[in-house]
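Protein chains in written order, with the numbering used here: chain A, 1 to 67; chain B, 68 to 327. Written out below as structure tokens is the structure these notes cover.
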Amino acid sequence: MENLGNALAFGLGAIGPAFGLAIVGSKTIESMARQPEMAGRLQTTMFIALGMIEAIALLGFVLAFVL
Amino acid sequence: MEEMPTKIEHLLHELTVLPLSGGHGAEAAGFSLTNYTFWLIVAVVLLLTFFIVASRKVKLVPSGIGNLAEAGVDFVRNGVCVDVMGPEGKKYFPFLGTIFFFVLFNNLLGNIPPALPGTGTVGTTFTWAIIVFLVYNGIGIKKIGFFGYIKSLIPSGTPWWLSWLIFLIELISHFLRPFTLGIRLFANMYAGHIMLGVFTIFAAIFIEQFSAISIAVVPLSFLMQVILRVFELMVAVLQAYIFTILTAVYIDGALHAGSH
């Protein structure tokens with residue numbers, strides 16, 4: 001039961017960030033297709049956003065270990 | 068098959084932080100050499116030898132190992148520092164370059180089977196995160212003074228009755244920064260390593276106790292090994308990049324603290 005709780009803590013916590021990552025990725029590809037000359041700057045900004053969203057998902061991972 | 072969970076647990080235990088000098092538990096792990104710190108030292112030695120060899124013969128047109136080192140340095144200097152902070156970012160290249168190559172070498176070394184990623188422990192990543200926190204706040208305070216820096220947390224033009232709330236939110240977000248920075252790197256490296264470990268253990272156990280299921284499980288485990296290994300190599304480079312670029316963003320924010 002405890003293991004199930006830990007798995008749920010990570011699994012449910014990853015749903016929100018997954019949607020966030022999907023939005024960031026798709027919008028970046030869209031912007032790159034529209035303005036290929038901005039690709040470098042867009043990529044940098046995308047990685048910053050990715051890093052920030054990822055942290056939320058990983059908080060669930062760490063909580064699953066700690067709890 | 069009943070003993071499988073205990074066997075998996077026993078094998079996974081080898082991926083946790085274990086002191087090399089005997090003893091077990093928290094009291095022994097205090098300041099002793101652990102398996103993770105051992106590989107951290109190996110990575111640092113490799114990093115030093117790589118750059119000493121690369122910089123021994125500096126030529127106008129580099130070749131071989133010098134070329135590789137120059138490409139990496141150029142990437143951090145122009146791809147991270149100048150891209151995020153503008154021309155003044157070159158001043159912070161030594162700090163950001165140190166972080167990038169330290170994290171990169173540790174992450175990559177973790178992908179060679181007996182080795183463990185030195186960045187896969189909370190101690191290493193949080194130490195770097197706290198250093199980053201102190202450095203970027205120090206840069207901000209040095210630029211516009213302590214009270215100016217505190218005041219810059221509230222954007223100008225905020226109504227007075229809202230400013231205390233904004234200040235509180237900004238303060239919390241600043242203190243969350245080193246926390247997320249440390250957690251991100253640690254969790255990525257540790258989780259990746261555990262994931263690889265689990266598939267290896269699966270393959271080993273199912274070969275050891277050969278049965279009909281093994282014919283399906285073993286090739287799948289090997290295939291996942293290959294796919295995940297490639298993925299982990301990508302993650303290793305990406306995490307070093309993200310750690311560095313977020314540091315650059317924080318320093319950039321501190322540099323322009325008063326002006327927006």
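Heads up, the beta-carbon is just placed ideally off N, CA and C, and yes, glycines get one too.
Rounded to a whole number of angstroms, what is the C-alpha to C-alpha distance between residue i and residue j?
{"i": "valine 265 of chain B", "j": "phenylalanine 118 of chain B", "result": "35 Å"}
{"i": "tyrosine 159 of chain B", "j": "glycine 40 of chain A", "result": "21 Å"}
{"i": "threonine 192 of chain B", "j": "glycine 249 of chain B", "result": "5 Å"}
{"i": "alanine 136 of chain B", "j": "isoleucine 221 of chain B", "result": "42 Å"}
{"i": "serine 219 of chain B", "j": "leucine 322 of chain B", "result": "11 Å"}
{"i": "methionine 71 of chain B", "j": "threonine 101 of chain B", "result": "27 Å"}
{"i": "leucine 63 of chain A", "j": "phenylalanine 10 of chain A", "result": "8 Å"}
{"i": "threonine 165 of chain B", "j": "lysine 209 of chain B", "result": "22 Å"}
{"i": "glycine 5 of chain A", "j": "leucine 58 of chain A", "result": "16 Å"}
{"i": "glycine 185 of chain B", "j": "valine 24 of chain A", "result": "30 Å"}
{"i": "glycine 207 of chain B", "j": "glycine 139 of chain B", "result": "28 Å"}
{"i": "threonine 45 of chain A", "j": "phenylalanine 61 of chain A", "result": "25 Å"}
{"i": "proline 226 of chain B", "j": "alanine 18 of chain A", "result": "36 Å"}
{"i": "leucine 53 of chain A", "j": "leucine 290 of chain B", "result": "The question names leucine, but residue 53 of chain A in the sequence shown is isoleucine. Taking the straight line joining both Cα atoms gives about 29 Å."}
{"i": "valine 111 of chain B", "j": "glycine 224 of chain B", "result": "48 Å"}
{"i": "isoleucine 131 of chain B", "j": "alanine 303 of chain B", "result": "This sequence places glycine at residue 131 of chain B; isoleucine is not what is there. Rounded to the nearest angstrom, the two C-alpha atoms are 23 Å apart."}
{"i": "alanine 14 of chain A", "j": "alanine 7 of chain A", "result": "11 Å"}
{"i": "valine 284 of chain B", "j": "alanine 270 of chain B", "result": "7 Å"}
{"i": "valine 199 of chain B", "j": "phenylalanine 169 of chain B", "result": "14 Å"}
{"i": "leucine 305 of chain B", "j": "phenylalanine 167 of chain B", "result": "10 Å"}
{"i": "tryptophan 228 of chain B", "j": "histidine 241 of chain B", "result": "21 Å"}
{"i": "proline 181 of chain B", "j": "glycine 212 of chain B", "result": "49 Å"}
{"i": "isoleucine 48 of chain A", "j": "leucine 107 of chain B", "result": "26 Å"}
Which stretch, first to last residue, makes up the alpha helix (DSSP H) that contains residue i?
{"i": "alanine 55 of chain A", "result": "39-66"}
{"i": "tyrosine 216 of chain B", "result": "213-218"}
{"i": "histidine 77 of chain B", "result": "71-79"}
{"i": "serine 26 of chain A", "result": "15-34"}
Identify the residues that DSSP records as bridge partners of residue i: which are they?
{"i": "proline 86 of chain B", "result": "B/Thr101"}
Can you find the residues in the same chain that come closer than 8 Å, C-beta to C-beta, to residue i, ignoring five residues on each side of it along the sequence?
{"i": "methionine 38 of chain A", "result": "Ser31, Met32"}
{"i": "leucine 263 of chain B", "result": "Gln292, Leu295, Arg296, Glu299"}
Might you give, ordered along the chain, the residues of its own chain that have their beta carbon closer than 7 Å to the beta carbon of residue i, omitting 5 neighbours on each side?
{"i": "glycine 187 of chain B", "result": "Tyr103, Gly177, Phe253, Met256, Tyr257, His260"}
Taking 6 Å as the limit between beta carbons, can you name the residues of its chain near residue i, skipping five residues before and five after?
{"i": "alanine 279 of chain B", "result": "none"}
Continuous alpha helix (DSSP H) assignments of at least 4 residues falling wholly in the segment 226-303 of chain B: The qualifying runs are 227-275.
Complete runs of the beta strand (DSSP E) confined to the segment 110-198 of chain B [at least 3 residues]: Assignment of beta strand (DSSP E) within the segment 110-198 of chain B, counting only whole runs of 3 or more residues, yields no such run.
Where the segment 28-57 of chain A meets chain C: residues whose CB sits under 8 Å from a CB there: Given the protein chain composition of this structure (A and B), no chain C is represented.
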